[in-house]
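So that you can map any letter, position 30 of the sequence shown is 153 in our numbering, and since no number is skipped, the others follow by simple counting.
Positions of the beta carbon are idealized from the N, C-alpha and C atoms, including for glycine.
The structure displayed is predicted, hence computed values, not measured ones.
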Amino acid sequence: MSQTRCECRQLSFVGLRSYARRHGITDLDELIRRTGCCTGCGTCRPHLVAFLATGELQYGEVRFRIPDVDVPLPGE
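As structure tokens, this is what we get:
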């Protein structure tokens, strides 16, 4: 099963994409700097990169296209 969130920081990929759009962030390094995602174990980074590029999450062999929704990050 693929990842759908940054487990170390408890941040969903959908919430991270929403945060990036609200704040005009287009650079992954800027998103990482502002949210702390991908800075724990780092295993979510390639999955987040793929989600941001395609808008799809994957469960096993099945891919789901996630529509753009406004989801706040915890504490936001």
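| query | result |
| --- | --- |
| Beta-carbon proximity check, H170 vs S125, cutoff 8 Å | yes |
| Selected residue, minimal CA-CA separation from E130, among H146, R186, T162, G147 | T162 |
| CA nearest to the CA of R132, picked from P190, C164, R145, Q181 | C164 |
| Candidates F187, E184, T149, L180, of which the one nearest T127 by Cα | L180 |
| Where R188 falls: helix, strand or coil (DSSP) | strand |
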